[in-house]
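Number of protein chains: 2
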Amino acid sequence: MDRYLVISSDGHVGLPPERYRTYLESQYHAAFDEAIEREIRMREEHEKRFLIDDFNTKWRARVGDGLEGAWDGTIRNRVLDQDGVAAEVLFPDGITERNAPPFGADIGLKPFGTRPELQWAGARAHNRWLAEFCIEDPARRIGLAVIPALYDLDETLKEIRWAHEHGLKGVFFPSITDGYDMYNHTKYYPVWDLLQQTKMPLHFHSGGAPAYDTTQPGWIGTYLCEFAFWMTRPLWSMTFGGVFEEYPQLKVLFTEAGGEFWFPWVMQLMDIRASAKHTSGKLGDYNANMTMKPSDYFARNVWVGCSALPDEETTESYYQIGIDRILWGTDYPHPEGTWPSTLEKMVLSLGGLPEADIQKMLGGNALDVYDVDHDALAEIAARIGPAKSHFYKQAAE
Amino acid sequence: MDRYLVISSDGHVGLPPERYRTYLESQYHAAFDEAIEREIRMREEHEKRFLIDDFNTKWRARVGDGLEGAWDGTIRNRVLDQDGVAAEVLFPDGITERNAPPFGADIGLKPFGTRPELQWAGARAHNRWLAEFCIEDPARRIGLAVIPALYDLDETLKEIRWAHEHGLKGVFFPSITDGYDMYNHTKYYPVWDLLQQTKMPLHFHSGGAPAYDTTQPGWIGTYLCEFAFWMTRPLWSMTFGGVFEEYPQLKVLFTEAGGEFWFPWVMQLMDIRASAKHTSGKLGDYNANMTMKPSDYFARNVWVGCSALPDEETTESYYQIGIDRILWGTDYPHPEGTWPSTLEKMVLSLGGLPEADIQKMLGGNALDVYDVDHDALAEIAARIGPAKSHFYKQAAE
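Which chain is which? The protein sequence lines are A and B, in order. Mapping of the first sequence onto UniProt numbering: position 264 corresponds to residue 264, and the numbering continues sequentially without gaps. Mapping of the second sequence onto UniProt numbering: position 1 corresponds to residue 1, and the numbering continues sequentially without gaps.
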């Protein structure tokens with residue numbers, strides 16, 4: 001084949017806020033009607049401070065109705081065809097059009113500032129809409145169920161089973177666990193067991209963070225220095241907790257750390273902290289749950305969703321992490337992603353690398369991670385995938 | 001001089017718990033009497049889980065009455081003489097003998113699990129004892145006032161003034177700010193101003209952390225992957241908040257990150273996050289408070305207290321951080337420190353490096369940071385400092 005199969009590891013979908021009502025169980029309609037205007041207003045306020053208004057206005061003008069691909073399948077497929085993307089992993093939240101699930105069941109999925117029962121209701125509403133959206137084009141849409149897993153294990157197990165039976169291909173969990181049990185707690189074992197059995201990969205995505213005081217100087221820089229940490233806490237708590245030792249087929253993905261330099265550091269940090277030294281004698285045998293080095297579990301159980309930044313250091317870090325761990329992504333329809341200049345940025349990131357490596361990062365590794373239809377994807381890629389020649393022209397010039 | 005001047009950046013002192021009563025204002029005696037047995041019991045419990053009992057018993061047997069140097073000046077000076085250390089920066093908490101200030105005014109200095117008024121009372125009790133302890137031998141004892149700065153700015157300013165007038169040479173602040181304002185908040189400006197005026201360096205020390213569930217597997221590994229992060233949050237919040245821009249003479253130290261690989265990462269992380277890219281366009285001008293790169297402020301305002309780990313990677317990282325930023329330390333009397341084999345470990349860490357670099361790290365940089373008596377220290381070093389020849393014999397072999 002003269003084209004690459006591209007499976008984006010980082011796509012975002014969600015209805016315009018008011019349209020989630022239809023998918024919400026009727027006992028939550030009153031709460032929804034009461035909350036919806038406040039939620040929209042909060043997002044508008046947030047946008048004023050964080051996602052600068054002016055930037056968004058220009059962004060909308062530039063990309064036209066492409067933002068509506070967050071919920072409109074026809075527009076989405078048109079964008080994917082233009083972008084050369086055969087399929088996508090679908091997280092919640094279109095951001096610019098504020099199309100996130102209600103009641104805090106969004107990409108932050110925080111366990112504070114919301115009520116567990118309502119967050120669950122919002123998650124189920126999103127999952128039910130998403131299942132419909134994915135069934136429209138099951139080969140191209142790898143939907144992730146939003147699972148607020150911290151509150152109620154029975155509900156968690158039930159929703160994972162529902163998602164699996166309804167064609168969703170993985171789950172998205174909160175990375176912020178404040179006030180609840182971290183993922184090294186043994187109570188989560190039945191969850192890991194079910195994910196392993198159903199071959200549903202577990203995803204964490206940047207976005208969740210504690211509340212910052214947005215009236216103070218430096219809060220954004222502080223957030224930028226910390227967001228990858230907040231996302232990655234489940235990695236070391238699960239690793240040192242022995243989760244990957246107990247569940248060797250469990251698959252975990254960490255998506256959009258904002259530059260992949262983060263993961264080589266984290267792998268090294270875990271290995272250093274796991275190596276017994278004079279300094280840790282007072283700590284006892286805290287590695288008893290592991291038979292391998294943390295980075296060895298990483299190489300077996302963990303993948304990194306790379307929302308591609310076209311710079312050399314990022315590409316170099318792909319090799320430090322391991323080429324078979326990297327799942328490239330566009331982050332469509334977020335403004336920090338590659339769309340609508342995906343091919344150009346793809347070539348900037350990956351152009352000139354060995355063909356086999358590019359194939360793995362763009363789509364081959366995703367085929368290993370997800371339970372998807374290889375033949376159907378190959379057909380789509382043959383039609384719209386980026387020509388391999390693009391990646392070598394530049395290197396030859 | 002044929003000997004090095006050694007100023008340890010990391011020493012710990014504290015009374016046996018029951019002896020803090022004398023230094024506590026009388027209105028807190030009833031609370032102290034009610035709390036003291038519970039606090040001692042909690043430390044014993046903690047020791048059973050974290051600072052393994054068996055390890056501590058062996059440690060006590062090995063080092064004899066040396067642990068009593070945590071509060072006994074005669075023993076402390078004897079240990080320092082044997083260790084070749086002329087002077088020390090003094091943080092609270094002897095650990096093994098549980099000699100920490102009461103009411104949570106300890107090295108964790110956490111803003112939860114204690115009452116602000118009581119934590120302040122415990123801190124003042126420690127500071128009053130410490131001022132007495134330092135006045136016994138002012139050249140050798142660089143005492144740090146414990147300041148629970150999050151609750152009450154007037155009390156903070158008052159206590160810094162008291163500490164400065166009573167011979168203490170710097171302050172130790174909580175690094176965990178959960179539930180209170182982070183250090184980018186402009187309300188702290190008068191504090192930075194006073195510290196700059198009085199030339200009192202500000203210290204953060206590892207130890208503070210959120211509560212982990214100590215019944216679950218992997219919690220120690222999780223803590224080990226996170227403790228340096230918890231300590232370092234003030235660095236980027238102050239940097240991006242513009243504190244070093246506003247207070248160019250403010251001096252901040254971060255002590256005992258457990259392997260100095262951490263700081264080159266953090267400097268790089270801050271610089272990457274500060275560099276405007278396509279991805280951050282939606283964030284607006286979040287660098288408006290800085291006229292330099294974060295790592296440039298680091299090179300001017302920040303020092304690292306290195307509780308020496310004798311391995312090559314750590315020594316290499318000293319050069320990445322900058323030799324003039326490094327303050328070597330023994331961590332006496334903590335078991336993870338170099339005592340009682342300080343000279344041997346010093347030589348393992350630094351042996352063979354250029355003499356001028358060794359001098360900076362062992363003591364020269366500390367002379368820049370602290371308001372100390374250079375002549376008195378030179379005299380002590382000439383008597384007990386480690387012979388420079390030790391550091392080159394090994395390299396020549």
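Where is the CB? At the ideal position from N, CA and C, for every residue including glycine.
- Nearest in C-alpha terms to A288 of chain B, of all of A:K360, A:W219, A:G66, A:D178, is A:W219.
- Not one beta carbon of chain B lies nearer than 9 Å to the beta carbon of S9 of chain A.
- Going by beta carbons, W230 of chain A and P210 of chain A fall inside the 9 Å limit.
- Burial is judged here by how many other beta carbons sit within 10 angstroms of a residue's own beta carbon; M361 of chain A has at least 16 and is buried.
- At least one C-beta of chain B is nearer than 9 Å to the C-beta of A274 of chain A.
- Residues of the stretch 203-223 of chain B whose Cβ lies closer than 7 Å to any Cβ of chain A, in chain order: D213, Q216, P217, G218, W219, I220, G221, T222.
- The beta carbon of G385 of chain B sits closer than 7 Å to those of R3, Y4, L5, V6, G84, A86, all from its chain and outside the five residues before and after it, given in chain order.
- With fewer than 16 neighbouring CB atoms inside 10 Å of its own CB, G352 of chain B falls in the exposed class.
- Residues of the same chain with a CB within less than 7 Å of the CB of S175 of chain B, apart from the 5 flanking positions on each side, are F204, G208, W230, M231, R233, P234 in chain order.
- By the neighbour-count definition (other C-beta atoms within 10 Å, threshold 16), D213 of chain A is an exposed residue.
- About 6 Å separates the CB atoms of L150 of chain B and T177 of chain B; that is less than 8 Å, so the two are in contact.
- In this structure, Y318 of chain B places its C-beta atom within 9 Å of the C-beta atom of E260 of chain B.
- Excluding its 5 nearest sequence neighbours in each direction, T156 of chain A has C-beta neighbours in its own chain below 7 Å: I147, A149, V191, listed in chain order.
- Under the 10 Å beta carbon count, M290 of chain B is surrounded by 16 or more other beta carbons and is classified as buried.
- At a cut-off of 9 Å, the C-beta of C225 of chain B has a neighbouring C-beta in chain A.
- For the C-beta of S349 of chain B, not a single chain A residue is nearer than 7 Å; the gap to the nearest is close to 13 Å.
- F103 of chain A and F133 of chain A have their C-alpha atoms roughly 21 Å apart.
- Chain-order list of chain B residues neighbouring H185 of chain A: D213, Q216, by C-beta distance under 8 Å.
- For L269 of chain A, the neighbours in chain B by C-beta distance under 7 Å run, in chain order, C225.
- Take A378 of chain A, set aside five residues on each side of it, and the residues of its chain with a beta-carbon closer than 7 Å to its own are L5, in chain order.
- When CB distances to chain B are screened at a threshold of 9 Å, the residues of the stretch 239-255 of chain A falling below it are T239, F240, G241, G242, V243, in chain order.
- Residues of chain A with a Cβ closer than 7 Å to the Cβ of W265 of chain B are, in chain order, W265.
- Ranking B:A131, B:G364, B:L367 by CA distance to the CA of R161 of chain B puts B:A131 first.
- The alpha-carbon of R38 of chain B is positioned some 40 Å away from that of T239 of chain B.
- Within the stretch 316-349 of chain A, P335, E336 place their CB atoms closer than 8 Å to a CB of chain B, listed in sequence order.
- When C-alpha distances from W339 of chain B are compared across B:L350, B:K158, B:S307, the shortest belongs to B:S307.
- For N289 of chain A, the chain B residues whose Cβ falls inside 7 Å of its Cβ are P217, G218, in order along the chain.
- Residue-level contact check: F112 of chain B does not touch chain A, since none of the beta carbons of chain A fall below 9 Å from its beta carbon.
- For F172 of chain A, the closest Cβ of chain B is not nearer than 9 Å.
- By a beta-carbon distance limit of 8 Å, R128 of chain B contacts Y23 of chain B. Their separation comes to about 5 Å.
- Its Cα nearest to that of S9 of chain A, the residue A:Y370 stands out among A:A382, A:K388, A:Y370, A:H374.
- Within the same chain, A149, L153, D181, V243 come within 8 Å of Y188 of chain B by CB-CB distance, once the 5 residues on both sides are set aside.
- Around the beta carbon of M42 of chain B, a 10 Å sphere encloses fewer than 16 other beta carbons of the protein chains shown; the residue is thus reported as exposed.
- E136 of chain A and I75 of chain A have their alpha carbons spaced roughly 13 Å apart.
- Straight across, the Cα-Cα distance linking A257 of chain B with M1 of chain B is about 32 Å.
- Residues of the same chain with a CB within less than 6 Å of the CB of G66 of chain B, apart from the 5 flanking positions on each side, are V79 in chain order.
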